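**Q** First, the structure itself, so that you have it in front of you.
In the numbering used here, the protein residues as written are 270 to 611.
Right, dumping it as C-alpha cells:
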C-alpha cells in the first residue's frame, strides 16, 4: 500500500486551512445529498444488497447499458484491484506518469509490468496479446486528455489486449468526451469511474467498472459481498436520480482553472502544465517540491501534492487543485515568497 497519495490531510489535522493536494471538487458535498444521507442513516442498521444491484441498474440507465455491464465498487481503487486480480500474472503496460494504484494493483497480482512514457501513446503502439493496458483519461497528475478516436484505434489495433480507461475525473474537465459508447464496439475495453471526486464524497468510497458482460461476470466472481456500503449505495442512487443537474459546471471549472493557472505561470521560477480540469502539474526551476510542501504547511496551513513519487517525475514537481479564490491567492503569494528565498 502506498502512503504517498494526495489528501494526506489526516496527518495535519490542526494545521491545514486549504487542501490543494486532493483532486476532489472544492465546493464540497451537495447540501441536498448531505440532508438526504442524514435521513437515511437508519439504513446502516441493515445489510446492503451484496452486489449493489440497484445501483448497477441506475448506472445502466445513465450510461444506456445493461446492468450486467456494470459493477459498483468500493471506490475506483477496488475496481483497479479487482481488474488486476481478474488478469493476474499477465503482461501489463502502464503509461507514466500516472496514478500509482495501477502499478500497485498489478504488483499485488504478479503482473509483468512494462512502463511506457505517455508521450508514446499518440503513435498508437502495438501490445502483446492477452496483455492489460492502463490509461488515465483525463490523466493524473497532469490532466492530459486522449481523444475517443485514439482509444478506439488502440482497441481495434490490439484486439487481443485489454484496455483499462480510468475516467475518474471525466465530469471535472470541460470538453471531455467519454469512451463509454465504445463499450458496444470494443469487447476489450474496460472503463472505471468514480462518483467521489465529482461530488466531493471520497470518504464514502463509490466507484464502478463498465465492460462486456463476460468481463464483468468474471470480475464479479472475485468481488467480496457487501463491499459497497448502505450509505454509499444511497448516495449513488440519490445523485443519479438527477445526475446531470447535480454535476459541477465544467465551463466554470475551466474558466476558474485558467485564471488560477495563468497566475501561477506568472511566478518566476515556476512552470505550469495547463489543463482544462480542476488540477494541474507544476515544476520548480529551483528547489524541491517536498521543501515547498513543508514550508506551506508550517507557514500558511496549505497542503500541496508533492509529485516526486510519480514515476517519471523528480523532486521539482508538484500538483495543485483548484480551491476557492481566497485560498488560491494565498497559495500563489506563498509560493512566490518561498521561491524568492532560494
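All C-beta atoms in this analysis are idealised placements derived from N, C-alpha and C, irrespective of residue type, glycine included. Nothing here was measured: the structure is a model prediction, and the numbers come from that model.
(1) For the beta strand (DSSP E) that residue 432 lies in, which residues bound it at each end?
(2) Can you tell which of 286, 591, 315 and 405 has its C-alpha closest to the C-alpha of residue 524?
(3) Would you mind reading off the limits of the beta strand (DSSP E) that contains residue 463?
(4) Following the continuous beta strand (DSSP E) through residue 478, name the residue where it begins and the one where it ends.
(5) Which whole-angstrom value is the C-beta distance of residue 384 and residue 363, which I expect to be below 8 Å?
(6) Within the same chain, show all residues whose beta-carbon is closer than 7 Å to that of residue 317, passing over the 5 residues directly before and after it, in chain order.
(7) Hey, how far is the Cα of residue 577 from the Cα of residue 440?
(8) What are the uninterrupted segments assigned as alpha helix (DSSP H) that are 4 or more residues long and contained completely in the region 500 to 555, given in chain order?
(9) Do residue 334 and residue 477 have their CB atoms nearer than 7 Å?
(10) Over what stretch of residues does the beta strand (DSSP E) that includes residue 293 continue unbroken?
(11) In or out: residue 313 buried (at least 16 other Cβ within 10 Å) or exposed?
(12) Name the residue from 603, 418 and 450 whose alpha carbon lies nearest to the alpha carbon of residue 537.
(13) Would you report the Cα separation of residue 347 and residue 368, rounded to the nearest angstrom?
(14) Exposed or buried, residue 574, counting other C-beta atoms within 10 Å across all chains shown (16 or more means buried)?
(15) Assess contact between the region 286 to 297 and the region 456 to 470, defined as three or more Cβ pairs (one per stretch) separated by less than 8 Å. Is contact present?
(16) Let me check understanding here. Comparing Cα to Cα, which of 565, 517 and 586 lies closest to residue 597?
(17) Tell me, please, which residues DSSP counts as bridged to residue 407.
(18) Work out the CA separation of residue 540 and residue 553 for me, nearest whole Å.
(19) Find the nearest neighbour of residue 392 within the set 405, 373, 426 and 557, judged by alpha-carbon distance.
(20) Which of the three DSSP states, helix, strand or coil, is assigned to residue 473?
(21) State the beta-bridge partners of residue 386 as determined by DSSP.
(22) What does the Cβ neighbour count give for residue 386, buried or exposed, with the cut at 16 atoms within 10 Å?
(23) May I ask which residues mark the beginning and end of the beta strand (DSSP E) holding residue 590?
(24) Take residue 361 as the anchor and find which of 593, 400 and 601 has the nearest alpha-carbon.
(25) Taking all protein chains shown into account, decide if residue 315 is buried (16 or more other Cβ within 10 angstroms of its Cβ) or exposed.
(26) Using a Cβ-Cβ cut-off of 7 Å (strictly less than) and excluding sequence neighbours within five positions of residue 306, which residues of its own chain qualify?
(27) Thinking just about the alpha-carbon of each residue, which of 515, 465, 567 and 301 is nearest to the one in residue 436?
(28) For a test of the three-state rule: what should DSSP assign to residue 286, helix, strand or coil?
(29) Look up residue 402 in the DSSP assignment and give the residues it is bridged to.
(30) So which of 516, 529, 398 and 568 has the shortest CA-CA distance to residue 589?
(31) In this structure, does DSSP put residue 340 in helix, strand or coil?
**A** To lay it out plainly:
(1) That run of the beta strand (DSSP E) goes 431 to 435.
(2) Taking the Cα of residue 524 as reference, the smallest distance to any Cα among 286, 591, 315 and 405 is reached at 591.
(3) That run of the beta strand (DSSP E) goes 458 to 463.
(4) Taken as a continuous stretch (DSSP letters only), the beta strand (DSSP E) holding residue 478 covers 476 to 479.
(5) About 6 Å separates the Cβ atoms of residue 384 and residue 363, confirming a contact at the 8 Å cut-off.
(6) Non-local C-beta neighbours of residue 317 in its own chain, meaning closer than 7 Å and more than five positions away in sequence, comprise 495, 497, 498, 499 and 502, ordered along the chain.
(7) Taking the straight line joining both Cα atoms gives about 26 Å.
(8) Residue ranges of uninterrupted alpha helix (DSSP H) with 4 or more members, entirely inside the region 500 to 555 and ordered along the chain, are 512 to 515 and 519 to 534.
(9) Between residue 334 and residue 477, the CB-CB gap reaches or exceeds 7 Å.
(10) Looking at the DSSP string, residue 293 is not in any beta strand (DSSP E), and its letter there is neither H nor E.
(11) By the neighbour-count definition (other C-beta atoms within 10 Å, threshold 16), residue 313 is an exposed residue.
(12) Nearest of 603, 418 and 450 to residue 537, Cα basis: 603.
(13) One C-alpha to the other measures close to 14 Å.
(14) Burial is judged here by how many other beta carbons sit within 10 angstroms of a residue's own beta carbon; residue 574 has at least 16 and is buried.
(15) Verdict: yes, contact present.
(16) Check the Cα spacing between residue 597 and each of 565, 517 and 586: the tightest is with 565.
(17) DSSP output for residue 407 lists no bridge partner at all.
(18) Taking the straight line joining both Cα atoms gives about 7 Å.
(19) Here the closest residue by C-alpha is 426.
(20) Residue 473 sits in a helix when the DSSP states are folded into three classes.
(21) Per DSSP, 365.
(22) Its Cβ having fewer than 16 others within 10 Å, residue 386 is exposed.
(23) First-last of the beta strand (DSSP E) with residue 590: 586 to 590.
(24) Each of 593, 400 and 601 was checked against the Cα of residue 361, and the nearest Cα belongs to 400.
(25) A residue is called buried when at least 16 other Cβ atoms come within 10 angstroms of its Cβ; residue 315 does not meet this threshold and is exposed.
(26) Within the same chain, Cβ atoms closer than 7 Å to the Cβ of residue 306 are found at 500, 503 and 504, the five residues on either side in sequence being excluded.
(27) Distances from the CA of residue 436 to each of 515, 465, 567 and 301 were compared; the closest alpha carbon is that of 465.
(28) Three-state DSSP puts residue 286 in coil, outside helix and strand.
(29) Beta-bridge analysis with DSSP links residue 402 to 362 and 432.
(30) It is 529.
(31) DSSP places residue 340 in strand when its eight states are reduced to three.
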